[in-house]
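Protein chains: 4
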Amino acid sequence: MTGRPRSPVVDEAIIRSTMALAQQFGYRGVSMEAIAAHSGVAKQTIYRRYQSIGEVMLAVLASFAEEQLPNPDTGSLREDLYLLLSATFAAQQGISGELNRGLAAEAVQDEAFARKLWERLISNRREVVRAMIGRARVRGEVAHPDDEFLVDLVFGPMWYRLLFGRAVLDDKYARQLAEATATVAAAPA
Amino acid sequence: MTGRPRSPVVDEAIIRSTMALAQQFGYRGVSMEAIAAHSGVAKQTIYRRYQSIGEVMLAVLASFAEEQLPNPDTGSLREDLYLLLSATFAAQQGISGELNRGLAAEAVQDEAFARKLWERLISNRREVVRAMIGRARVRGEVAHPDDEFLVDLVFGPMWYRLLFGRAVLDDKYARQLAEATATVAAAPA
Amino acid sequence: MTGRPRSPVVDEAIIRSTMALAQQFGYRGVSMEAIAAHSGVAKQTIYRRYQSIGEVMLAVLASFAEEQLPNPDTGSLREDLYLLLSATFAAQQGISGELNRGLAAEAVQDEAFARKLWERLISNRREVVRAMIGRARVRGEVAHPDDEFLVDLVFGPMWYRLLFGRAVLDDKYARQLAEATATVAAAPA
Amino acid sequence: MTGRPRSPVVDEAIIRSTMALAQQFGYRGVSMEAIAAHSGVAKQTIYRRYQSIGEVMLAVLASFAEEQLPNPDTGSLREDLYLLLSATFAAQQGISGELNRGLAAEAVQDEAFARKLWERLISNRREVVRAMIGRARVRGEVAHPDDEFLVDLVFGPMWYRLLFGRAVLDDKYARQLAEATATVAAAPA
DNA sequence: ATATAATCGAGACGGTACGTCCCGTCTTGCA
DNA sequence: TGCAAGACGGGACGTACCGTCTCGATTATAT
Numbered sequence: 241m242t243g244r245p246r247s248p249v250v251d252e253a254i255i256r257s258t259m260a261l262a263q264q265f266g267y268r269g270v271s272m273e274a275i276a277a278h279s280g281v282a283k284q285t286i287y288r289r290y291q292s293i294g295e296v297m298l299a300v301l302a303s304f305a306e307e308q309l310p311n312p313d314t315g316s317l318r319e320d321l322y323l324l325l326s327a328t329f330a331a332q333q334g335i336s337g338e339l340n341r342g343l344a345a346e347a348v349q350d351e352a353f354a355r356k357l358w359e360r361l362i363s364n365r366r367e368v369v370r371a372m373i374g375r376a377r378v379r380g381e382v383a384h385p386d387d388e389f390l391v392d393l394v395f396g397p398m399w400y401r402l403l404f405g406r407a408v409l410d411d412k413y414a415r416q417l418a419e420a421t422a423t424v425a426a427a428p429a
Numbered sequence: 241m242t243g244r245p246r247s248p249v250v251d252e253a254i255i256r257s258t259m260a261l262a263q264q265f266g267y268r269g270v271s272m273e274a275i276a277a278h279s280g281v282a283k284q285t286i287y288r289r290y291q292s293i294g295e296v297m298l299a300v301l302a303s304f305a306e307e308q309l310p311n312p313d314t315g316s317l318r319e320d321l322y323l324l325l326s327a328t329f330a331a332q333q334g335i336s337g338e339l340n341r342g343l344a345a346e347a348v349q350d351e352a353f354a355r356k357l358w359e360r361l362i363s364n365r366r367e368v369v370r371a372m373i374g375r376a377r378v379r380g381e382v383a384h385p386d387d388e389f390l391v392d393l394v395f396g397p398m399w400y401r402l403l404f405g406r407a408v409l410d411d412k413y414a415r416q417l418a419e420a421t422a423t424v425a426a427a428p429a
Numbered sequence: 241m242t243g244r245p246r247s248p249v250v251d252e253a254i255i256r257s258t259m260a261l262a263q264q265f266g267y268r269g270v271s272m273e274a275i276a277a278h279s280g281v282a283k284q285t286i287y288r289r290y291q292s293i294g295e296v297m298l299a300v301l302a303s304f305a306e307e308q309l310p311n312p313d314t315g316s317l318r319e320d321l322y323l324l325l326s327a328t329f330a331a332q333q334g335i336s337g338e339l340n341r342g343l344a345a346e347a348v349q350d351e352a353f354a355r356k357l358w359e360r361l362i363s364n365r366r367e368v369v370r371a372m373i374g375r376a377r378v379r380g381e382v383a384h385p386d387d388e389f390l391v392d393l394v395f396g397p398m399w400y401r402l403l404f405g406r407a408v409l410d411d412k413y414a415r416q417l418a419e420a421t422a423t424v425a426a427a428p429a
Numbered sequence: 241m242t243g244r245p246r247s248p249v250v251d252e253a254i255i256r257s258t259m260a261l262a263q264q265f266g267y268r269g270v271s272m273e274a275i276a277a278h279s280g281v282a283k284q285t286i287y288r289r290y291q292s293i294g295e296v297m298l299a300v301l302a303s304f305a306e307e308q309l310p311n312p313d314t315g316s317l318r319e320d321l322y323l324l325l326s327a328t329f330a331a332q333q334g335i336s337g338e339l340n341r342g343l344a345a346e347a348v349q350d351e352a353f354a355r356k357l358w359e360r361l362i363s364n365r366r367e368v369v370r371a372m373i374g375r376a377r378v379r380g381e382v383a384h385p386d387d388e389f390l391v392d393l394v395f396g397p398m399w400y401r402l403l404f405g406r407a408v409l410d411d412k413y414a415r416q417l418a419e420a421t422a423t424v425a426a427a428p429a
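Protein chains in written order, with this note's numbering: chain R, 241 to 429; chain D, 241 to 429; chain X, 241 to 429; chain U, 241 to 429.
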């Protein structure tokens with residue numbers, strides 16, 4: 241009834257190869273075929289776990305220490321947001337950024353995958369911000385009634401820049417964005 | 241050296257077919273092969289005009305009344321932004337939104353195309369907002385020193401939502417965003 | 241050393257499923273995978289008994305009443321051959337024919353299997369004819385010196401027709417073939 | 241309206257590679273994938289001309305000087321048949337035999353292909369024999385009423401032996417078969 | 001009764017080939 | 001030179017079977 245269990249060795253091989261390929265050849269160089277060839281894992285075996293390269297990349301991102309999202313509580317929304325954004329932006333450098341862009345591409349093409357991405361990655365990040373805002377609201381720092389909107393304000397510009405690869409996600413930008421969001425939060429609707 | 245001139249009939253056929261395909265099958269159904277088959281135009285002929293499907297989609301968007309971007313000047317930044325965003329969001333419904341998502345996917349995977357997209361579409365939109373802010377600054381409504389950041393604030397959330405197809409781009413959202421941006425603009429750095 | 245004995249229930253399940261699949265989907269529908277799925281028997285379990293689908297098909301044919309080969313002795317080679325061929329042809333209708341064609345395909349592609357097929361199926365059939373000829377020779381009906389050749393004459397045309405599915409193997413053909421073989425047998429080299 | 245014509249260079253490359261592969265690795269070593277890899281021709285390009293490896297092999301056989309079937313007219317059916325069979329058997333040695341076996345395998349699996357094979361290869365060979373018998377009938381050498389049956393008698397044993405790879409197709413066998421067929425032809429039904 | 005040992009179902013696994021899709025380039029003949 | 005038609009090499013897709021493997025659960029005999 242049980243059958244042979246899936247090998248964790250294989251799991252890891254897939255993840256490692258995907259990372260290596262993304263690093264070497266960028267998101268475009270990551271295909272099922274390439275992962276299979278690079279990892280020595282049969283295509284079928286990959287498809288048994290993931291339905292698309294996007295899902296593989298999700299797994300890769302998830303393997304990054306479970307997204308070591310900081311959740312600072314400094315007593316200031318501005319400061320909390322800055323610390324989160326600063327760390328988040330830093331994580332977007334290198335492969336992680338490459339993978340994030342890949343995920344965006346996948347999401348835009350596939351409704352079902354978009355939902356999965358949202359649930360497994362985006363919503364976690366949003367939850368952290370939502371919590372920050374909640375704490376700030378208790379402290380009386382927040383007058384704006386719509387938390388979801390504020391969260392959009394925090395992450396929207398990041399994806400915008402990630403999308404067009406136009407401008408950097410640096411520390412200064414993190415500070416500006418934290419500042420702006422805190423300002424909007426403080427202002428009454 | 242001169243030879244036969246390019247047929248405008250062909251130009252139009254390509255645009256029309258691309259629109260039709262995007263509408264029927266989503267932007268995934270838009271491939272060079274599909275456009276050629278649907279329009280009766282030879283692939284070569286399409287390649288003679290455009291380097292990628294992304295460029296075709298750009299052309300289609302451009303053909304929409306030359307991006308009927310409103311550039312209101314109501315004397316209030318909040319109001320100007322609202323009118324612009326409201327119109328922009330409305331335009332994202334239907335094919336136009338589909339095409340925009342296609343462009344995002346293309347850009348995210350192709351640095352060179354991302355630049356092209358920026359120059360031909362994004363920067364125009366940004367210029368409009370920049371002008372609004374400039375006028376508002378003259379009126380004394382703007383204290384924030386960084387125009388580019390403010391523009392990011394205007395468009396970032398839109399692409400964020402477009403990207404994940406999660407939430408709608410409705411009138412309420414336009415108002416919230418205009419409001420928030422005006423608030424940030426008014427606040428000193 | 242002894243362990244659990246092989247289950248005859250499983251044996252039968254394999255045979256039944258193979259027959260069912262051959263009947264429904266033709267012999268192309270008979271694969272190890274399909275037999276396993278249809279019968280609920282594990283692939284490994286099938287491989288424990290048979291080395292190839294060909295062998296399974298052989299087993300199925302063997303299970304048909306141990307090849308109810310008639311071995312008539314009417315005192316006339318012509319009549320003996322006719323009765324044998326008539327029965328043999330009749331057996332080629334339905335699944336049995338399908339399986340025979342499958343065996344042919346397998347044999348043609350696999351030297352080793354061809355030998356096995358020969359030993360377990362073909363040589364038996366030939367032996368029967370060889371015996372008929374022997375008896376006829378005693379009676380003085382046979383002048384032709386080469387028994388093997390005569391046997392080829394009996395079975396060659398059958399496989400030829402089976403192979404190309406072109407013409408039927410009916411009673412008239414059995415009579416013609418018996419007649420012809422008897423004639424050749426009677427004639428001196 | 242015309243499009244680029246199919247390249248005869250490609251045609252030849254496919255044929256040559258198929259022959260080479262059949263020679264080196266036998267019929268089993270001939271796959272679409274292998275032909276494509278060996279010839280440097282894209283799979284799609286092969287599929288554009290042929291629907292299966294079987295059809296490729298038919299083309300290969302056809303390329304062998306259009307089956308240089310001898311059609312001797314010696315004034316004796318026995319002699320005519322012997323000369324034809326002798327040449328035919330000789331042609332079955334080497335690749336040609338390998339390909340013939342491959343064709344048989346394909347035919348047995350695919351009704352449609354079986355018809356194609358019959359029309360393009362088998363029926364030609366039969367026609368030659370039919371003509372011989374016709375001439376012999378005029379000369380009064382033939383009493384047997386069924387030409388088709390006689391033709392089966394000529395080719396059946398050859399395929400039988402080809403099928404099981406059991407016995408050789410040598411000159412002696414050609415003589416025996418010619419002899420036997422002539423005998424049957426001469427005998428009245 | 002309790003090892004010992006093979007069987008069995010389930011299903012993972014590396015592999016090979018399948019047939020299809022689209023890419024971007026090319027070669028025709030006609031306009 | 002433009003253009004429709006369509007061939008071409010290339011690369012990836014997702015699927016089907018192959019034959020082997022590892023599980024846990026049985027089911028016998030041999031202690």
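Backbone N, C-alpha and C define an ideal beta-carbon position, used for all residues, glycine too.
So residue 425 (chain U) and residue 376 (chain U) are in contact, right, with Cβ under 8 Å, and what is the actual spacing, rounded? 7 Å
Quick one: which chain R residues come within Cβ less than 7 Å of residue 349 (chain D)? 267, 268 and 345
How far does the alpha helix (DSSP H) with residue 263 (chain X) in it reach, from first residue to last? 248-265
In chain X, which residues lie with their C-beta within 8 Å of the C-beta of residue 404 (chain U)? 347, 354, 357, 358 and 362
What do you get for residue 328 (chain U), buried or exposed, if any count of 16 or more other CB atoms within 10 angstroms of its CB means buried? buried
Between residue 421 (chain U) and the rest of its own chain, which residues show a CB-CB distance below 7 Å, the 5 nearest in sequence each way excluded? 321, 390, 393 and 394
Would you tell me roughly how many angstroms separate the C-alpha atoms of residue 282 (chain R) and residue 289 (chain R), rounded to the nearest one? 12 Å
Closer than 7 Å by beta-carbon distance: list the chain D residues that pair up with residue 386 (chain R), in chain order. 416
State yes or no: is the beta carbon of residue 400 (chain U) nearer than 8 Å to at least one beta carbon in chain X? yes
Residues in its own chain within less than 7 Å of residue 299 (chain X) by CB, not counting five upstream and five downstream? 255 and 290
Whole angstroms are fine: how far does the CA of residue 293 (chain R) sit from the CA of residue 430 (chain R)? This structure does not reach residue 430 (chain R), given that chain R is present from 241 up to 429, and the question cannot be answered.
Determine the closest residue to residue 403 (chain X) out of U:318, U:349, U:317 and U:249, with distance taken between C-alpha atoms. U:349
Check whether chain X comes within 8 Å of residue 432 (chain U), counting only Cβ atoms and requiring the distance to be less than that. Residue 432 (chain U) lies beyond the range of chain U shown here (241 to 429); nothing can be said about it.
Chain X within 8 Å of residue 389 (chain U), Cβ atoms only: yes
Residue 311 (chain X), buried or exposed, once every other Cβ within 10 Å from all chains shown has been counted against 16: exposed
Element boundaries [alpha helix (DSSP H), containing residue 361 (chain X)]: Element bounds for residue 361 (chain X): n/a, residue is neither H nor E.
Partners in chain D for residue 397 (chain R), counting only beta-carbon separations shorter than 7 Å: 392, 393 and 396
Which term fits residue 332 (chain U), buried or exposed, when burial requires 16 or more other beta carbons within 10 angstroms of its beta carbon? buried
Give the straight-line distance between the Cα atoms of residue 342 (chain U) and residue 351 (chain X), rounded to the nearest whole angstrom. 13 Å
Would you report the Cα separation of residue 317 (chain R) and residue 337 (chain R), rounded to the nearest angstrom? 26 Å
In three-state terms, what does DSSP make of residue 314 (chain R)? coil
My understanding is that residue 262 (chain X) touches residue 278 (chain X), with C-beta atoms under 8 Å, so please give their C-beta distance in whole angstroms. Residue 262 (chain X) to residue 278 (chain X), Cβ: 11 Å. No contact.
Counting C-beta neighbours from all protein chains within 10 Å, is the total for residue 397 (chain X) 16 or more, i.e. buried, or is it exposed? buried
Thinking C-beta only, is residue 242 (chain X) closer than 8 Å to residue 297 (chain X)? no
Delimiting residues of the alpha helix (DSSP H) encompassing residue 291 (chain D): From DSSP, residue 291 (chain D) is part of no alpha helix (DSSP H); its letter is neither H nor E.
Since residue 366 (chain U) and residue 302 (chain U) are thought to touch, with beta carbons under 8 Å apart, how far apart are those beta carbons, to the nearest angstrom? Not a contact, Cβ separation roughly 16 Å.
Enclosing alpha helix (DSSP H) for residue 403 (chain R) [first to last residue]: 387-404
Within its chain, find whatever has a CB closer than 6 Å to the CB of residue 428 (chain R); leave out the 5 residues flanking it on each side and keep chain order. 383
Check whether the Cβ atoms of residue 399 (chain X) and residue 406 (chain U) sit closer than 8 Å, and answer yes or no. no
Using the beta-carbon of each residue, which ones in chain D are nearer than 9 Å to residue 318 (chain R)? Per Cβ cutoff of 9 Å: no residues; residue 318 (chain R) is ~12 Å from chain D at best.
Got a sec? Which residues, its chain only, sit under 6 Å from residue 415 (chain D) by beta carbon, not counting five neighbours each side? 322
Would residue 326 (chain R) be called buried (16 or more neighbouring beta carbons within 10 Å of its own) or exposed? buried
Within the same chain, show all residues whose beta-carbon is closer than 7 Å to that of residue 368 (chain D), passing over the 5 residues directly before and after it, in chain order. 309, 311 and 324
Where does residue 282 (chain X) fall in DSSP's three states? coil
Would DSSP call residue 329 (chain D) helix, strand or coil? helix
Interface flag, residue 420 (chain D) vs chain R, CB-CB below 8 Å: yes
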